[in-house]
Amino acid sequence: MTPGSTLEFECLDSGSGHFSPDSTVDDIATLDFSKVNPVNGPIYVEGAKPGDALKVEILSFKPSGFGWTANIPGFGLLADQFKDPALTLWNYDATSLEPAAFGRHGRVPLKPFAGTIGLAPAEAGLHSVVPPRRMGGNLDIRDLAAGTTLYLPVEVEGALFSIGDTHAAQGDGEVCGTAIESQMNVAVKLDVVKDANLAMPRFTTPGPVTRHLDADGYEVTTGIGSDLMEGARAALSGMIDLLCATRGLSPEDAYMLCSVCGDLRISEIVDQPTGWSRSTSRASYSREKAQ
C-alpha cells in the first residue's frame with residue numbers, strides 16, 4: 000500500500016469466532032489454541048525501511064455487539080487460585096456503546112480498541128503473536144482507541160503491519176487473561192516517518208483516557224510485595240475479596256470483572272525491596288447493590 004492510505008480491517012475476536020451467544024462454559028474445553036489471537040495482515044507499506052517508524056492513526060471501530068470473557072485454566076495472574084473454567088457472554092449496543100450489562104451486578108463502560116497491533120520482527124522464522132515485542136504485537140493497551148496515533152519501530156522492509164484481537168473493554172492488566180473479546184471492524188491510516196529510530200512503540204492520545212470510567216469514582220485495594228508481581232497479585236486478591244463481600248459476586252465473576260474494568264497501577268517502585276501495586280474497580284454498579 001502507498002503511505003497515507005486508509006484501510007479497514009474485519010477483525011475476528013481472539014478466539015477466532017469460537018464463542019457465540021449460545022456458548023456455555025463447556026465450550027472453553029474445545030477452544031483451538033492453534034487459532035487463538037488471529038490478526039489481519041501483513042500489509043506491505045511502500046518505502047518503509049528499518050530505522051523508520053510506521054505512523055498508525057487509529058480512526059474508528061465498528062463493533063459487533065457481542066463479546067465474551069473467559070477464565071481459561073492455566074492462564075492469568077491468579078491461575079494458581081482459579082483453576083476451573085468460567086465464561087461470561089456480553090451483548091451490547093454496537094451503535095450507542097452504552098455500558099454493557101454484567102448480570103445483575105452492574106454495567107461495564109465500553110471503550111473499543113485493538114489488543115494486537117504491530118509489525119514483523121527482523122529475526123527469521125515463525126513468531127507467536129501472543130507476546131508483545133519492541134515493534135508492537137499483543138500490547139493490550141486499552142488507550143489504543145479511536146483518535147490515538149501509534150508509532151511503531153520498523154525492522155523489515157515494508158514494515159509488514161498486522162492488527163486484530165479487538166476488545167470492547169479491558170482493564171489495565173487484563174488480569175484473568177481475557178477482556179471483552181469482540182469481533183469488530185477497524186479503520187486505520189498508515190504512514191511512514193523516516194529515520195525515526197524508535198527503541199519501542201509510543202503513542203499520543205487525543206485527550207483524557209479514563210473519562211468513560213470516572214463518573215462514579217473508584218474502589219481501590221493495595222498490595223505490597225518483594226517484587227511488583229507479588230504486589231500486583233496481592234492487590235488483585237484484595238479487590239476480588241472486596242467485590243465478593245460488598246457486591247455479592249462469586250470469586251470467578253469478580254476475577255473476570257477486574258479483567259474487563261479494573262486497573263493495576265504501580266503507585267511506588269523506588270523503595271526496594273518492597274513494590275506497591277493497586278487494583279481499581281471501575282464498573283458502575285447498581286445503587287441497590289452498592290449500599
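Take 0 as the starting number for the sequence shown in numbering that gives the first Met the number 0 and just add one per residue.
Using N, Cα and C, we set each Cβ at its ideal position, and we do this for glycine too.
The beta carbon of residue 15 sits closer than 8 Å to those of 31, 34, 35 and 37, all from its chain and outside the five residues before and after it, given in chain order. Per the C-alpha coordinates, the member of 231, 159, 96 and 151 positioned closest to residue 211 is 96.
Looking at the DSSP output, residue 262 bridges to 279. Every unbroken stretch of the beta strand (DSSP E) spanning 3 or more residues and falling wholly within the region 83-130 is given here in chain order: 85-90, 99-101, 105-107 and 112-117.
Residue 238 sits in a helix when the DSSP states are folded into three classes. Shown here, residue 188 sits in a strand according to DSSP, grouped into three states. Three or more Cβ pairs closer than 8 Å define a contact, and the region 216-229 falls short of that threshold against the region 37-50. Residue 32 carries a helical assignment under DSSP once its states are collapsed to helix, strand and coil.
At a cut-off of 3 residues, the continuous stretches assigned as beta strand (DSSP E) that sit fully inside the region 206-238 are 218-224.
Taking 8 Å as the cut-off, the Cβ atoms of residue 202 and residue 147 count as close.
The residues 250, 253, 254 and 257, in chain order, have a CB closer than 7 Å to that of residue 239 in the same chain once the five nearest residues on each side in sequence are set aside. By the CB criterion at 8 Å, residue 154 and residue 119 fall inside the cutoff.
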